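Which chain is which? The protein sequence lines are A and B, in order. Residues 1 to 214 (the numbering used here) make up the first sequence, in order. Residues 1 to 214 (the numbering used here) make up the second sequence, in order. Heads up, the beta-carbon is just placed ideally off N, CA and C, and yes, glycines get one too. Source: prediction; values computed, not measured. In what follows, a structure is listed as structure tokens, so that the remarks can point back to it.
Number of protein chains: 2
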Amino acid sequence: MARTAGSDGGRTEAAIRDAAVQLIARHGYEAVTMRQMAAEVGVQAAALYRYFPTKEDLLHTLMREHMEELAATWDAARPANDDPVARLTSFVANHIRFHVERRHATHVSNMELRSLSRDNLTNILKLRTTYEKELRTILRDGADAGLLEVDDTGLTAMAIIQMITGVIVWFRPDERLSVDEVTATYLAMTMRLTGAKTNTEDRHVRQDAELRAR
Amino acid sequence: MARTAGSDGGRTEAAIRDAAVQLIARHGYEAVTMRQMAAEVGVQAAALYRYFPTKEDLLHTLMREHMEELAATWDAARPANDDPVARLTSFVANHIRFHVERRHATHVSNMELRSLSRDNLTNILKLRTTYEKELRTILRDGADAGLLEVDDTGLTAMAIIQMITGVIVWFRPDERLSVDEVTATYLAMTMRLTGAKTNTEDRHVRQDAELRAR
DNA sequence: GAATTAATTAAACGTCCGTTTTATTAATTG
DNA sequence: CAATTAATAAAACGGACGTTTAATTAATTC
């Protein structure tokens, strides 16, 4: 056997990425074999090497593109408005929606860092740090303007990111709550956590506008 | 070669546990081999089978004991006082201290669930759920007494747990902040997040007492 | 329609894995 | 000090792993 009827490089590569994300998210990178991923796609393991030079390179590609998409989504969602509270609202809403829509890819990006080589790890961490810096800047601006109560910008940023990323651990799209309901609750918690100075009605108006814009 | 001079079962078993926690936390369960762990202890791989019947059983033992210790620590720290805000304070302070002191074991317990068999997984999840229920009860009692503002008990509990467990991701004991300083900041964030009804001075008094008691 | 390029299979390579078996020595017991 | 038990080493087992090589067929190009 050799090239199969109807085979197409583009489609095969996309299928490999999908299979890899699903399998690695469920079983972990080290536990998943090239043969398993190939079987999911419906090809032999050797065929994967036409698209990715090594197993680790496949992992690194998945993580890099996930982080680049996250940055791009935030760039597109970032409000023209420079009010720190509005920016914080947009950041949290965008973050939750992005991660809930990509539960499996997020799991891979968060759990498999230790399987990367030094260079690949540095690469991914740089993207992550750049993204997290956005939140720190918002918190610092808000604190400077007297609109937020933030004891320690770095700690608060980490606390918020862990809180809102953690949604993917328990959230299932087909259960009790919708993404918008979850986002609203987490926004309320974030605003209280940061002591955001804005009356309740204003905040609700802004949140609703934020959610409708998506 | 055979039994070595000065060999002792108790010491060897403890050394295996330590080596396993360190190596699995750093490289992941699937990536660590029985031979690596044995080398860290200074024995051959076959010697591990005198203490643990399989690799997975070793993992499960580490996780089970970690969860049992967590429950025991909370039982000991639980305040006689039934004020929900005081209980929340104790819960957060105990949780952070416990996890910071056991960074590696916590990493193992949080990251390697997917490597467990059905039965072992069920076992660990039961322990985890029981522990998390403690926090939900505190939040519900606080909300019922009008002392906390909690929109959704389940969501708030998950948010708080992810926030305070996330400390181990970035905290390094030899850096800028002490455990007590980090705990104080996270307690302040928790109190704001739950809209705890208590004036600042009272809260500080209680937090200080909490910290001094450890 | 021949030549070229793209996509894939089949088979193999050397290595490492979790685990078992067997033998051997150290420590303890009576 | 003989008998027993505890703790280990050494070697092997079958299987799976990531990856490479070579051959083969489908699609495209000229």
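Closer than 7 angstroms at the beta carbon, the chain B residues around A/GLY146: Correct list: empty, because the minimum Cβ distance to chain B is about 16 angstroms.
Residue interval of the alpha helix (DSSP H) (run including A/GLY9): DSSP places A/GLY9 inside the alpha helix (DSSP H), whose first and last residues are 9-27.
Endpoints, alpha helix (DSSP H) assigned at A/VAL32: From DSSP, A/VAL32 is part of no alpha helix (DSSP H); its letter is neither H nor E.
Simplified DSSP assignment, three categories, for B/ASN120: In the three-state DSSP reduction, B/ASN120 falls in the helix class (H, G or I).
Rounded separation between A/GLN162 and A/SER7 - CA only: Their Cα atoms are separated by approximately 42 angstroms.
Proximity test, Cβ basis, 9 angstroms: B/SER117 and chain A: Not closer than 9 angstroms to any Cβ of chain A, the Cβ of B/SER117 fails to qualify, so no.
Given 8 angstroms, three or more beta-carbon pairs between the region 181-193 of chain B and the region 91-105 of chain B: In this structure the region 181-193 of chain B lies against the region 91-105 of chain B, because at least three pairs of beta carbons, one per stretch, are closer than 8 angstroms.
Proximal residues of chain B, C-beta to C-beta of A/THR156 below 9 angstroms: Listed along chain B are THR185 and MET189, each with a C-beta nearer than 9 angstroms to that of A/THR156.
Closest by C-alpha distance to B/VAL167, when choosing among B/ASP141, B/GLN36, B/HIS104 and B/THR12: Per the C-alpha coordinates, the member of B/ASP141, B/GLN36, B/HIS104 and B/THR12 positioned closest to B/VAL167 is B/HIS104.
A/ARG114 at chain B interface by Cβ criterion, 9 angstroms: Interface residue, yes.
Sequence-distant residues of its chain with Cβ nearer than 7 angstroms to B/LEU58 (five each side left out): The beta carbon of B/LEU58 sits closer than 7 angstroms to the beta carbons of ALA20 and PHE52 from its chain, once the five residues preceding and following it are set aside; these are given in chain order.
Cross-chain neighbours of A/ALA39 in chain B, by beta carbon under 7 angstroms: Within chain B, no residue has its beta carbon less than 7 angstroms from that of A/ALA39; the closest one is some 19 angstroms off.
Proximity below 9 angstroms, CB of A/ALA196 to CB of A/LEU88: The beta carbons of A/ALA196 and A/LEU88 sit closer together than 9 angstroms.
Where B/GLN22 meets chain A, residues with beta-carbon distance less than 8 angstroms: The contacting residues do not exist; B/GLN22 stays about 13 angstroms from chain A at best.
Limits of the alpha helix (DSSP H) - the one that A/ARG100 falls within: The sequence given here places Val at residue 100 of chain A; Arg does not occur at that position. For A/VAL100, the enclosing alpha helix (DSSP H) starts and ends at 84-101.
Contact between the region 140-158 of chain B and the region 121-130 of chain A (3+ Cβ pairs under 8 angstroms): Touching, no.
Rounded Cβ spacing between A/HIS66 and A/SER109 (contact assumed at less than 8 angstroms): That pair is a contact at about 5 angstroms.
Proximity to B/LYS55 [Cα-Cα], best of B/GLU68, B/ALA71 and B/ALA38: Of the candidates B/GLU68, B/ALA71 and B/ALA38, the one whose C-alpha sits nearest the C-alpha of B/LYS55 is B/ALA38.
As assigned by DSSP and simplified to three states, the class of B/GLY142: B/GLY142: helix per DSSP, three-state reduction.
Contact under 9 angstroms by Cβ, A/ARG35 with A/ALA45: Going by beta carbons, A/ARG35 and A/ALA45 fall inside the 9 angstroms limit.
Beta-carbon proximity of B/THR130 to B/LEU139, cut-off 9 angstroms: Against a cut-off of 9 angstroms, the Cβ pair of B/LEU139 and B/THR130 comes out as no contact.
Short Cβ contact (9 angstroms threshold) for B/ILE160 with B/LEU193: Between B/ILE160 and B/LEU193, the C-beta gap is smaller than 9 angstroms, which places the two residues in contact.
Neighbour flag for A/HIS27 against chain B, beta carbons, 9 angstroms: Yes, because at least one Cβ of chain B sits closer than 9 angstroms to the Cβ of A/HIS27.
Chain B contact residues for A/TRP170, given Cβ-Cβ distances below 7 angstroms: Those within 7 angstroms of A/TRP170 in chain B are MET158.
Cβ neighbour criterion (16 or more within 10 Å) applied to A/GLY142: Counting Cβ neighbours within 10 Å, A/GLY142 comes out buried, since at least 16 surround it.
Any chain A beta carbon closer than 9 angstroms to B/LEU135: Answer no: the Cβ-Cβ gap between B/LEU135 and chain A never drops below 9 angstroms.
Limits of the alpha helix (DSSP H) - the one that B/GLN44 falls within: No alpha helix (DSSP H) holds B/GLN44; DSSP gives it neither H nor E.
Min CB distance B/ASP227 to chain A below 9 angstroms: What is shown of chain B runs 1 to 214, which leaves residue 227 of chain B out entirely.
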